[in-house]
Each structure stands twice: as C-alpha cells, then as structure tokens.
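Numbering (the working numbering), first residue to last: 654 to 834.
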C-alpha cells in the first residue's frame with residue numbers, strides 16, 4: 654500500500670487576506686484563533702485550475718472538484734465555501750495521520766514566547782509517516798503537523814493510491830509524491 658502527498662499549483666490568492674488580525678499572534682503571526690477560520694468572500698480571480706494553492710498555504714478546489722469528490726464519497730472530508738461567484742471551497746479533512754518528524758529530520762524553530770507556537774516548522778517533503786499502512790487506498794488525510802511559518806503554516810494532504818489514480822485522471826494540474834515510511 655502506498656500513500657502520496659498531493660500538491661497543487663499556485664492560485665494567486667491569499668486565504669487570510671481579510672482575516673481579523675486578532676486571529677494571529679502579533680509576534681510570530683501563527684494562527685491562534687479558537688475556531689477554524691473560513692473566509693466569507695475571497696478574492697479568487699478565476700484560476701485556471703480545479704485544485705490550487707493560496708500564497709498562505711491553504712489548498713482550494715473548484716465546484717467541479719467538490720462535486721467529483723462528493724460522488725466518490727471520500728470519508729472524513731467536508732467542504733467550506735470561501736466565496737460566492739465563482740464558487741471555491743476549502744476541503745476540510747478530519748482523517749489525521751501521524752508525521753514522522755524524526756525520520757524526516759523536521760526542524761521546529763523559534764519557539765514564540767507569546768503564543769507557544771514555533772515560528773517555523775521546516776522539513777515537510779519528502780513526507781514520512783509513522784504508520785503508512787493506516788492510509789486507506791481510497792481516502793484523503795492531513796498530517797498532524799502543520800509546516801511553514803506564520804500565517805502560511807499548513808498540514809500536508811495525503812491520499813491513498815486508488816484515490817491518487819482517480820484524481821490524476823480527472824485533474825491534470827495535481828502533482829503527487831510518494832510518502833515514505
């Protein structure tokens with residue numbers, strides 16, 4: 654059984670562009686909101702892709718991709734709309750896999766004295782999981798660790814082999830990289 658990280662091209666937008674500054678640590682810019690943030694209206698200018706990444710790390714999908722994933726009945730995945738027209742969605746994943754920070758030699762840098770988060774978490778790819786066998790062939794996951802810095806910290810998206818093959822047939826813009834154990 655193989656798992657893959659999912660990578661999408663740049664969509665030319667900022668997920669947190671209109672977010673209240675109080676949702677972020679004033680010192681390191683890490684997200685400190687008690688609840689997840691979902692924008693009500695993002696400035697998404699008709700990207701060329703159905704899967705794309707914001708400058709600040711969040712991955713968004715088009716209505717076409719949302720409908721496609723809903724038809725596949727991917728468990729543990731829901732979609733939060735981030736704007737009205739055209740409609741784009743944030744895939745919210747509840748399936749979590751444990752990232753192996755020791756094997757990957759992930760670095761946790763600059764512990765923030767104000768919020769307790771690390772300013773930088775470096776070393777996401779190639780991805781290593783503690784239990785790759787936990788990844789089901791037709792499922793979608795996120796890592797337990799968010800990588801990057803400040804507002805741009807994000808988890809990795811992990812998909813099983815069957816779902817990867819299905820997605821790459823339909824959406825040519827997505828890249829995949831094999832996960833290691």
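Beta carbons: idealized from backbone N, C-alpha and C, even for Gly.
Item to check | Integer Cβ distance of residue 664 from residue 722, believed to fall under 8 Å | outcome: Cβ-Cβ separation between residue 664 and residue 722: approximately 17 Å, too far for a contact (criterion under 8 Å).
Checklist entry - Does DSSP put residue 680 in a helix, a strand or coil? => result In this structure, residue 680 counts as coil in the three-state DSSP scheme.
Checklist entry - Closest by CA to residue 804, which one among 677, 735, 658, 671? => result For the set 677, 735, 658, 671, the Cα lying nearest the Cα of residue 804 is the one of 677.
Item to check | Spatial distance of residue 834 from residue 698 (CA atoms) | outcome: Between residue 834 and residue 698, the C-alpha separation is close to 39 Å.
Checklist entry - What does DSSP give as the partner residues of residue 799 in its beta bridges? => result In the DSSP assignment, the residues bridged to residue 799 are 808.
Next on the checklist: By the three-class DSSP mapping on this structure, what secondary structure does residue 700 have?
Outcome noted: It is coil, neither helix nor strand.
Checklist entry - For residue 671, which of 661, 691, 685 has the nearest alpha-carbon? => result Looking from the CA of residue 671, the closest CA among 661, 691, 685 belongs to 691.
Checklist entry - Any idea which residues DSSP pairs residue 743 with across the strands? => result Assignment of beta-bridge partners to residue 743 by DSSP yields 733.
Next on the checklist: Tell me the rounded alpha-carbon separation between residue 763 and residue 689.
Outcome noted: A direct Cα-to-Cα measurement between residue 763 and residue 689 gives close to 24 Å.
Next on the checklist: On the CB-based measure, 16 or more other CB atoms within 10 Å of its CB, does residue 774 come out buried or exposed?
Outcome noted: By the beta-carbon neighbour count (other beta carbons within 10 angstroms, threshold 16), residue 774 is buried.
Checklist entry - Quick one: is residue 760 buried, meaning 16 or more other Cβ sit within 10 Å of its Cβ, or exposed? => result Flag for residue 760 reads exposed.
Next on the checklist: Is it the case that the region 721-736 contacts the region 775-783, given that we only count it when at least three CB pairs across the two stretches are under 8 Å?
Outcome noted: With a cut-off of 8 Å, the region 721-736 and the region 775-783 do not count as touching, because too few Cβ pairs lie within range.
Checklist entry - Between which two residues does the beta strand (DSSP E) containing residue 834 stretch? => result Unbroken run through residue 834: none, as it is neither H nor E.
Next on the checklist: Quick test of your reading: residue 704 and residue 827, contact by CB under 8 Å. State the CB separation rounded to the nearest angstrom.
Outcome noted: The C-beta separation of residue 704 from residue 827 comes to about 5 Å, placing the pair in contact by the 8 Å criterion.
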